[in-house]
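Peer 1: These protein sequences, in sequence, are chains C and D.
Residue numbers for the first sequence follow my numbering, beginning at 3 and rising by one.
Residue numbers for the second sequence follow my numbering, beginning at 18 and rising by one.
No residue lacks a Cβ here, since even glycine has one placed at the ideal position from N, Cα and C.
Since the structure is predicted, the reported quantities are computational estimates derived from the model, not experimental observations.
This structure is in structure tokens; I'll ask about it shortly.
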Amino acid sequence: MEEILLAFQEIQTDLPWQDLLVAGLFLVTGQVILKLIDQVFYIIVRNKKDKVKALSFRKFFIYLYNLILLLLFLKLIHVDMKVVLGASAFLTLAIGFAARTPISNLISGFFLLFEKPFVVGNIIEVNGFRGEVVSRNLLSLTMRTLDNVMVRIPNELVIGSSVSNTSYFPIRRLDITYLISNKESITQTENIFMDVAGRNSLALNEPAPYFYVSEFKENCIEVEFRVWTSSEDFLTFKSEFPKEIHRAVKKAGLEPIRDRIEILNTLKVDRETSKQ
Amino acid sequence: MKRSEAEKLKVFQTVLKMKESESFHLRFGPLDLYIEKIDNEIRVLWMTSNDWMDSSFHYQFPFAGMYPDTLLSEKRFAYSKRAPSLIVAPCLGEKSFVVKPDTTFMVLPGEKAKIYLSTPMSIRLSDAESLQVIDEIPVLHRVKTWFGETPTSGQLCFFTRIHAALKEKNLPFRPHRALTHLYVENSSKKPIPIEKLKIPVNYLTLYQDTRGLFVTSSLSIKINDNEHIKDLKIFLPKNTDVDYTVIQAPREKIPKTLFKSSTEIMR
Chain C
3 MEEILLAFQE IQTDLPWQDL LVAGLFLVTG QVILKLIDQV FYIIVRNKKD
53 KVKALSFRKF FIYLYNLILL LLFLKLIHVD MKVVLGASAF LTLAIGFAAR
103 TPISNLISGF FLLFEKPFVV GNIIEVNGFR GEVVSRNLLS LTMRTLDNVM
153 VRIPNELVIG SSVSNTSYFP IRRLDITYLI SNKESITQTE NIFMDVAGRN
203 SLALNEPAPY FYVSEFKENC IEVEFRVWTS SEDFLTFKSE FPKEIHRAVK
253 KAGLEPIRDR IEILNTLKVD RETSKQ
Chain D
18 MKRSEAEKLK VFQTVLKMKE SESFHLRFGP LDLYIEKIDN EIRVLWMTSN
68 DWMDSSFHYQ FPFAGMYPDT LLSEKRFAYS KRAPSLIVAP CLGEKSFVVK
118 PDTTFMVLPG EKAKIYLSTP MSIRLSDAES LQVIDEIPVL HRVKTWFGET
168 PTSGQLCFFT RIHAALKEKN LPFRPHRALT HLYVENSSKK PIPIEKLKIP
218 VNYLTLYQDT RGLFVTSSLS IKINDNEHIK DLKIFLPKNT DVDYTVIQAP
268 REKIPKTLFK SSTEIMR
């Protein structure tokens with residue numbers, strides 16, 4: 003540190019004002035050129051869908067450009083570069099220890115940039131949070147959860163945990179489990195389910211819906227119905243389709259499951275009989 | 018409406034100049050469309066019967082009747098100045114259409130088939146001066162489907178059941194559907210069954226011929242062994258008896274390789 007202070011004291015005492023002016027002009031011109039490059043860059047990337055990679059490179063370029071500009075400026079004002087480089091090595095080491103987490107996030111951010119498990123606008127689940135990706139940069143990911151809370155997750159955590167992206171593929175499957183009385187016809191139930199899917203405009207006909215019996219229980223039959231929809235319509239479909247199924251089952255007059263109530267009634271009758 | 022009356026469809030090439038408080042009514046297949054101009058506002062009301070076989074067509078301008086009591090969808094467009102004159106014309110869908118012929122076709126080895134297919138259109142409302150699109154209303158309520166070998170590779174498309182024919186006269190005439198000529202050449206050694214076809218309407222141009230019929234650019238594909246598409250061409254329909262007027266330019270620029278494998282266009 004003493005060496006750096008000495009180097010700057012030398013500048014204050016020995017530097018001719020002409021050199022200082024040239025160095026100042028160099029710095030200003032450098033910044034003007036940077037602004038121009040930035041404008042050109044903005045025009046190129048403004049219509050691109052995923053700007054994250056481009057914007058990260060822009061940041062990296064700006065940092066690198068400013069670093070080179072600063073070094074050249076120091077050279078112009080006759081600062082001993084050996085001292086600066088020597089000091090910067092110590093500085094890097096100190097920053098490395100102090101900024102271990104941001105650097106780790108930065109490196110994770112670079113990995114995520116190339117791996118691309120999600121893009122802005124996707125609905126993802128990461129580190130226990132589920133929501134829409136609002137933005138991502140080299141340090142963190144910003145999400146808006148479905149109950150409208152902003153969450154910032156450091157890239158280090160994103161890379162270290164599992165990420166599920168529900169918007170990645172254009173279509174999704176909805177699985178419905180339904181219980182029908184074992185007195186009812188399985189074929190009729192299947193026809194009802196298929197008919198409801200056929201009439202629902204959000205249900206895809208391809209991949210075709212699939213109906214099967216998953217389990218014969220003691221008092222009822224458990225059936226599974228698998229139907230596909232587009233990922234963008236999934237939430238609406240998930241909310242509406244089970245209601246439509248239930249309405250159709252009721253309309254068709256299929257018997258609801260009430261075996262439990264029947265057993266209770268039998269017990270009651272048994273007790274009453276024993277009293278008598 | 019019969020095919021011989023298709024001349025009436027040329028009304029779509031005119032500009033709709035509506036005065037204040039005037040209304041317009043169009044019945045285009047299953048679609049009932051009403052447009053009303055009030056001060057600085059354009060009000061659009063419509064409903065669709067979902068009857069894909071409906072072939073009715075008529076229009077009334079100015080429309081003096083009452084709007085039906087049944088549920089109508091509505092949109093209103095506000096303008097700072099006087100509302101502009103409109104161009105009301107059909108357009109092709111924004112996604113590919115998967116069409117399923119009533120019966121499966123087989124194209125035998127060494128054969129070349131010309132298949133006539135039709136896809137439902139939408140009605141596009143545009144500003145007559147700036148040509149800016151105001152809105153698009155599908156003639157039929159569209160159903161989505163997945164066209165792909167697996168749920169991970171494929172494309173989300175619209176679905177329609179159709180009559181596919183090997184002769185144009187055998188295809189039932191529906192004014193609200195655009196006709197596409199598809200040429201399939203089988204250069205492989207085995208027959209190619211065509212159960213479903215994907216028509217990439219978003220890359221096609223919509224024309225109206227001198228008879229008033231709506232047709233799209235034609236498609237031609239040549240299928241090699243291993244189900245690879247050797248040659249894909251998109252071109253103006255080959256009918257020297259009629260001339261074509263462009264109604265809608267393609268929505269998207271055709272990429273260098275639109276389809277690599279035949280499974281991307283037919284299954």
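#1: Could you confirm whether any beta carbon from chain C is found closer than 8 Å to the beta carbon of Trp-69(D)?
#2: For Phe-175(D), does the three-state DSSP call read helix, strand or coil?
#3: Taking 8 Å as the threshold (C-beta atoms), are Phe-29(D) and Phe-78(D) in contact?
#4: So with CB distances below 7 Å, who are the chain D contacts of Pro-119(C)?
#5: Between which two residues does the beta strand (DSSP E) harbouring Phe-122(D) extend?
#6: If you run the structure through DSSP and keep just helix, strand and coil, what is His-245(D)?
#7: Under a CB-based cut-off of 8 Å, is Phe-171(C) close to chain E?
#8: Whole angstroms is fine: what's the gap from Leu-36(C)'s alpha carbon to Val-42(C)'s?
#9: When the cut-off is 8 Å and only beta carbons count, does Pro-137(D) lie next to chain C?
#10: Where does Gly-200(C) sit, in a helix, a strand or coil, going by DSSP?
#11: Helix, strand or coil for Phe-240(C) per DSSP?
#12: Could you please give me the residues that DSSP links to Ile-173(C) through a beta bridge?
#13: When you compare the CB positions of Pro-107(D) and Ser-139(D), do they come within less than 8 Å of one another, or not?
#14: In its own chain, which residues sit with a C-beta less than 7 Å from the C-beta of Phe-45(D), not counting the 5 before and 5 after it?
#15: For Leu-142(D), which residues does DSSP report across the bridge?
#16: Phe-114(D) CB to nearest chain C CB: under 8 Å?
#17: Return no unless some Cβ of chain D is closer than 8 Å to the Cβ of Glu-246(C).
#18: Let me check one thing: in DSSP terms, what residues is Met-145(C) bridge-paired to?
#19: Can you list the residues of chain C that Lys-161(D) reaches, using a CB-CB cut of under 7 Å?
#20: Going residue by residue through the stretch 36-64 of chain D, where are the continuous beta strand (DSSP E) segments of at least 3 residues, counting only ones entirely within it?
#21: Any beta-carbon of chain D closer than 8 Å to the one on Pro-211(C)?
#22: What does Ser-203(C) reach in chain D if we use C-beta pairs closer than 7 Å?
#23: Where do the ends of the alpha helix (DSSP H) carrying Val-121(C) lie?
#24: Could you say which of Pro-156(C), Glu-246(C) and Ile-188(C) lies nearest to Thr-103(C) if we only look at CA atoms?
#25: How far does the alpha helix (DSSP H) with Trp-19(C) in it extend, from its first residue to its last?
#26: Would you say Phe-176(D) faces chain C, with C-beta separation under 8 Å as the test?
#27: Kindly list the residues whose CB is nearer than 6 Å to the CB of Phe-195(C), restricted to its own chain and excluding five residues on each side of it in sequence; keep chain order.
#28: Report, in whole angstroms, the separation of the C-beta atoms of Ile-125(C) and Glu-134(C), which I expect to be a contact under 8 Å.
#29: So which residues of chain C does Thr-169(D) contact, with C-beta pairs closer than 8 Å?
#30: Report the rounded CA-to-CA distance for Arg-132(C) versus Pro-209(C), giving the unit in angstroms.
#31: With 8 Å as the threshold, decide whether the Cβ of Leu-134(D) is near any Cβ in chain C.
#32: According to DSSP, is Leu-88(D) helix, strand or coil?
#33: Does Ile-46(C) pass the burial test, meaning 16 or more other C-beta atoms within 10 Å, or should it be called exposed?
#34: Select from Ile-59(D), Asn-243(D), Glu-22(D) and Lys-27(D) the residue whose C-alpha is nearest the C-alpha of Glu-17(D).
#35: What are the residues that DSSP puts in a beta bridge with Thr-197(D)?
#36: Does the distance from the C-beta atom of Val-128(C) to that of Val-151(C) stay below 8 Å?
Peer 2: This is what the structure holds:
#1: no
#2: strand
#3: no
#4: Under a criterion of Cβ atoms nearer than 7 Å, no residue of chain D is adjacent to Pro-119(C); the nearest Cβ is some 15 Å distant.
#5: 122-124
#6: strand
#7: Reference to chain E is not applicable here, since the protein chains of this structure are C and D.
#8: 10 Å
#9: no
#10: helix
#11: Reading off the sequence, residue 240(C) comes out as Lys, not Phe. Three-state DSSP puts Lys-240(C) in a helix.
#12: Ser-232(C)
#13: yes
#14: Phe-74, Ile-140, Val-156, Pro-192 and His-193
#15: Val-105(D) and Asp-152(D)
#16: no
#17: no
#18: Val-135(C) and Val-153(C)
#19: Leu-206 and Ser-232
#20: Restricting attention to beta strand (DSSP E) runs no shorter than 3 residues, the stretch 36-64 of chain D encloses them at 40-45 and 48-55, ordered along the chain.
#21: no
#22: In chain order: His-158 and Val-160.
#23: Val-121(C) -> no alpha helix (DSSP H), and no H or E assigned at all.
#24: Pro-156(C)
#25: 19-47
#26: Interface residue, yes.
#27: Phe-213 and Phe-227
#28: 6 Å
#29: Phe-171
#30: 27 Å
#31: no
#32: coil
#33: exposed
#34: Because chain D here runs from 18 to 284, residue 17(D) falls outside it and cannot be looked at.
#35: Leu-134(D)
#36: no
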